[in-house]
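To start, the structure itself, in structure tokens.
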Amino acid sequence: MQVYRGMNIGTAKPTVIERRGVVHHLIDVVEPEHEFTVAEYRRLGRKVIEAARVPLIITGGSGLHFRALVDPMSFAPTDEELRGDLEEQMLDDLVARLLEIDSEAGDHVDLANKRRVVRSLEIAELTGETPSSRARSAEAEDLRRYVPDIEFIAVGIDPGRALDERVEQRLAEMRQGGLLEEVKGLRHRLGRTARSAVGYREILDHLAGELTIDEAFEAIGHNTRRLARKQRTWFQRDPRIRWIPWMDDRIDRVDRAMEILS
7 MQVYRGMNIG
17 TAKPTVIERR
27 GVVHHLIDVV
37 EPEHEFTVAE
47 YRRLGRKVIE
57 AARVPLIITG
67 GSGLHFRALV
77 DPMSFAPTDE
87 ELRGDLEEQM
97 LDDLVARLLE
107 IDSEAGDHVD
117 LANKRRVVRS
127 LEIAELTGET
137 PSSRARSAEA
147 EDLRRYVPDI
157 EFIAVGIDPG
167 RALDERVEQR
177 LAEMRQGGLL
187 EEVKGLRHRL
197 GRTARSAVGY
207 REILDHLAGE
217 LTIDEAFEAI
227 GHNTRRLARK
237 QRTWFQRDPR
247 IRWIPWMDDR
257 IDRVDRAMEI
267 LS
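In this note's numbering, the protein residues as written are 7 to 268.
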């Protein structure tokens, strides 16, 4: 979400001063109205990697975006008009249609997730590929086996029991830093992807009169913890990541990470 201009406080974006000291990439590259996709992230990120003359650090972000940068991952074409037509249909009808063309689709697609069902039908319509056929491809096999496109060393730092405390600290900093005012200024410019970000969608609910400001921040805390645990599960599946135990002292964490990197 740090790709979006203006979304600073809610994404904990590095400050201008921090970015002067270390070159950062893929920050402030699109307006918040834009539907920035994983495919675009991969395309721009790969350009940065290919042009780099020194080792790069990929930090933060979702597991999907990390894998899109380092692993073999191609993306099927999209068609906004077709997707719009599909999104207007009932989920039950979409699922029935998907199962008609691929009886094993439920093994590869969450049929309760309308967005995923729509995307599967969109791909099938545009390319003829079904969820089952895509799952049997060589690329999918390499993804399952965690075979990378690009050589890298991965270090995972898990806060463990300190997670809840760190989330609460972050919430306090966001509230004091002016997240409410930031979302107020952006509320009419946030596209579907940007407005789905944790921290933004809850404040939007507050501005719509559905939550008090205290309820909104309570919801942000709950959803942040849930997202963090989901991402923890995702990353812990990756056998290439070397995990180090949580240490309160930042210098100790850096030293341990440097041992692995060297």
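No residue lacks a Cβ here, since even glycine has one placed at the ideal position from N, Cα and C.
Asked, Found
"Can ASP77 and PRO154 be called in contact, C-beta distance under 8 Å?", "yes"
"Ordered along the chain, which non-local residues of its own chain (more than five positions away) have a Cβ less than 7 Å from that of GLU41?", "GLY197, ARG198 and THR199"
"State the CB to CB distance for the pair ILE250 and ILE156, rounded to an integer number of angstroms; the pair is presumed to be in contact (CB under 8 Å).", "Actually they are not in contact, since the Cβ atoms of ILE250 and ILE156 sit about 22 Å apart, beyond 8 Å."
"Give me, in chain order, the residues of the same chain whose beta-carbon lies closer than 7 Å to that of ARG201; leave out the 5 immediate sequence neighbours on both sides.", "ARG207 and LEU210"
"Tell me the DSSP bridge mates of ARG248?", "VAL161"
"In chain order, what residues of the same chain lie with their CB nearer than 8 Å to the CB of ARG181, ignoring the 5 residues before and after it?", "PHE223"
"Below 8 Å on the Cβ atoms is my contact criterion, and I expect GLU188 with ASN14 to pass it. Report the Cβ-Cβ distance as a whole number of Å.", "7 Å"
"By a C-beta neighbour count over all protein chains shown, 10 Å radius and 16 as the cutoff for buried, is ARG121 buried or exposed?", "exposed"
"Could you pull the DSSP bridge partners for VAL36 from this structure?", "TYR10"
"What is the DSSP secondary structure of VAL260, counted as helix, strand or coil?", "helix"
"Kindly indicate which residue of GLU147, ALA82, ILE33 and ILE129 has the alpha-carbon position closest to the one of ILE64.", "ILE33"
"Going along the chain, which residues of its own chain have a beta-carbon closer than 7 Å to the beta-carbon of LEU185, five neighbours each way excluded?", "ILE15, GLY16, GLY205 and ILE209"
"So which of TYR10, LEU62, GLY51 and GLY215 has the shortest CA-CA distance to GLU39?", "TYR10"
"Quick one: residues in its chain with C-beta nearer than 7 Å to the C-beta of GLY166, no 5 flanking neighbours on either side, listed in chain order?", "TRP252"
"With VAL124 and GLU93 assumed to form a contact (beta carbons below 8 Å), what rounded beta-carbon distance in angstroms separates them?", "6 Å"
"Taking C-alpha atoms, which residue in THR21, MET7 and GLY66 lies nearest to GLU37?", "MET7"
"Nearest to LEU97 by CA position, among ALA118, THR84 and LEU105, is which residue?", "ALA118"
"May I have the straight-line CA-CA distance separating ALA146 from PHE81, to the nearest angstrom?", "12 Å"
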